[in-house]
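Heads up: the sequence shown is residues 0 to 462, going by numbering that gives the first Met the number 0.
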Amino acid sequence: MIITRFAPSPTGNLHIGGLRTALFNYLYARAKGGKFLLRIEDTDFARNSVDAKEGILRAFEWLGLDYDGTIEYQSKRLALYKQQIQKLLDSKAAYYCYMSKDELETLREEQRKRGETPRYNRKYRDFEGVPPERIAPVVRLKAPLSGEIVIDDKIKGKVSIQATEIDDFIIARSDGTPIYNFSAVVDDALMGVTDVIRGDDHLSNTPKQILLYQALGFPVPRFFHIPMICNESGKKLSKRDGAMGVMDYAQAGYLPEALLNFLVRLGWSCGDEEIFSKQTLLQIFDVKDINTAPSAYNPSKLLWLNHHYLNAQSNDSLRALLEPFGISIEPQIAEILFPALKERCKTLVEMKEHYLEIMNPPVYDKKLFAKNVQQGALDVLAQSFEILQSLAFDDAQTLESAFTQNIAPNKPFLLLRLALLGKGGGVPIFVAMMALGKDESLRRIAELRSAIAADLGVDCSTQ
Ligand code: GLU
């Protein structure tokens, strides 16, 4: 059985790179009828953050990524790591190292001066003497002195590292807590993880982890190191490129299905297809289709996908999706407005803005208003008012054709837009009228008339 896991360190916001890793692990396990585990790697007590952990859980919930069993917290498994460290100490595969920070720094400084790569000199590897006092030792692994370590990576291919490249690295800090490489290996092994899919920034950890699997006598899982997500100029993705925390996407009005679809295509493909629902992915996702080249983050594609998924929503689900944005829309207004909003808006936030622009009292565009401070505008508005007053507000199309037949030869649409929406653009004006209703539409027309008349210094009530 395939067992994968997502193992975030809760030290900061979950970003889309991390989420993509989670998604690949999730989809692979689910598509193969395996298990997907969630493990919080919180052994770096100084950098742990409760907010970060909660952000991860919220993101999982928002995207509907379910995991098997309960969440494992490494902070609750310290005794287990200690046991495994002891096992290595007992078998002399690991040892206590008493080198102080200062001594290590001096050593590194000297190596740097000699043009060597700074590294620990194995001083305590076979130490049998009396340990120095008042130094709480770290634990180091006895790494092999020769030979090579081969990573049979399922994306990168075979990667060989000379053993001499790896020094006796620390596996437990002086307070006894394990280092990431150690706890991750112990957990992956004891949790039966068969496939490790993670960012290729971890590739340099993998030889160390392979040595640990071997030292502990555990089978080595399959590794998939996925290329990073970069910006459109091929550089590492940064906040400036729009890479936000996962929940920022929710706040910016993206739908979870759009973000999932977007992320899965960052590094995975299936023919030329772009649209993938989660249901489809759960059937077809396979690690063999993960790309070897880095993928570029393209914000306009995310918007395009979001638009696609917004369009697919029923009126009721859109109303529900807009609720968290403080917008509660009556079903009959939704029916009038949603087709026009869906056409124009790519995010829920844009929908909210368009909706409020229609429903809130208009704030007149200064230039457009100034252009219409003239008697002609007053006449057109008066005429429009009269015609609209005589018409039934049944639906936008009937209203528009009845109005247009009567108003000729004047074309007062820009003025009506100014009256109702305060500006030139926006949704089709008769759709806005239907949403506002007859009374409010007429009231807004009368109000613009009064405002223009006041500027012209005429009394429009007598006209
Ligand atoms: N805690 C590590 C991280 O967040 C996990 C890496 C791994 O998947 O092994 O980067």
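For glycine and all other residues, C-beta sits at the position ideal for the given N, C-alpha and C.
Is residue i buried or exposed, if buried means 16 or more other CB atoms sit within 10 Å of its CB?
i	result
Thr-346	buried
Thr-42	buried
Ile-148	buried
Ala-257	buried
Ser-184	Correcting the residue identity first, residue 184 is Val in this sequence and not Ser. Result: buried.
Asn-371	buried
Asp-194	buried
Ile-357	buried
Lys-238	exposed
Val-49	exposed
Arg-113	exposed
Pro-330	exposed
Val-457	exposed
Gln-73	buried
Glu-53	exposed
Val-263	buried
Val-138	buried
Asn-359	exposed
Ile-84	buried
Asp-101	exposed
Pro-218	exposed
Thr-69	exposed
Cα separation between residue i and residue j?
i	j	result
Ile-154	Ser-327	48 Å
Glu-352	Ala-319	16 Å
Asp-315	Asp-199	42 Å
Phe-222	Asp-187	12 Å
Leu-281	Arg-197	19 Å
Ile-165	Lys-122	15 Å
Pro-130	Ser-173	14 Å
Leu-211	Leu-140	8 Å
Arg-76	Asp-271	45 Å
Ile-406	Phe-23	60 Å
Gly-63	Pro-255	8 Å
Phe-261	Asn-47	29 Å
Lys-86	Arg-124	16 Å
Asp-247	Ile-134	45 Å
Thr-291	Leu-18	18 Å
Arg-111	Ala-58	44 Å
Glu-104	Ala-249	46 Å
Cys-269	Lys-287	10 Å
Ser-400	Ala-453	32 Å
Trp-267	Leu-37	22 Å
What span of residues does the alpha helix (DSSP H) with residue i cover, start to end?
i	result
Ser-383	374–389
Gly-17	15–30
His-306	298–310
Phe-169	Looking at the sequence itself, residue 169 is Ile, so the reference to Phe does not match. Here Ile-169 belongs to no alpha helix (DSSP H); instead the beta strand (DSSP E) covers 169–171.
Lys-365	365–370
Gln-161	Not the alpha helix (DSSP H): Gln-161 falls in the beta strand (DSSP E), residues 156–161.
Asp-458	That residue, Asp-458, is in no alpha helix (DSSP H); it is neither H nor E in DSSP.
Gly-54	49–62
Phe-324	That residue, Phe-324, is in no alpha helix (DSSP H); it is neither H nor E in DSSP.
Tyr-66	That residue, Tyr-66, is in no alpha helix (DSSP H); it is neither H nor E in DSSP.
Lys-86	77–89
Arg-107	100–112
Lys-345	Per DSSP, Lys-345 belongs to no alpha helix (DSSP H) and is neither H nor E.
Val-184	179–189
Below 6 Å, is the gap between the Cβ of residue i and the nearest heavy atom of ligand 1?
i	result
Pro-293	no
Ser-203	no
Arg-76	no
Pro-7	yes
Glu-40	yes
Ala-45	no
Arg-197	yes
Ala-135	no
Ala-470	Only positions 0 to 462 of the chain appear in this structure, which leaves residue 470 out of reach.
Which residues mark the beginning and the end of the beta strand (DSSP E) in which residue i is found?
i	result
His-224	221–225
Asp-151	147–152
Val-195	194–198
Phe-35	34–39
Leu-140	137–140
Ala-93	93–96
Does chain D have any CB closer than 7 Å to the CB of residue i?
i	result
Ala-93	In the structure shown, chain D does not exist; there is a single protein chain.
Residue ranges of each beta strand (DSSP E) run of no fewer than 3 residues wholly in the stretch 245–300, ordered along the chain? If we require 3 residues or more, the stretch 245–300 turns out to have no beta strand (DSSP E) run fully inside it.
For the stretch 427–454, list the alpha helix (DSSP H) runs that are entirely contained and at least 4 residues long, ordered along the chain. Unbroken alpha helix (DSSP H) runs of no fewer than 4 residues, entirely contained in the stretch 427–454, are found at 428–435, following chain order.
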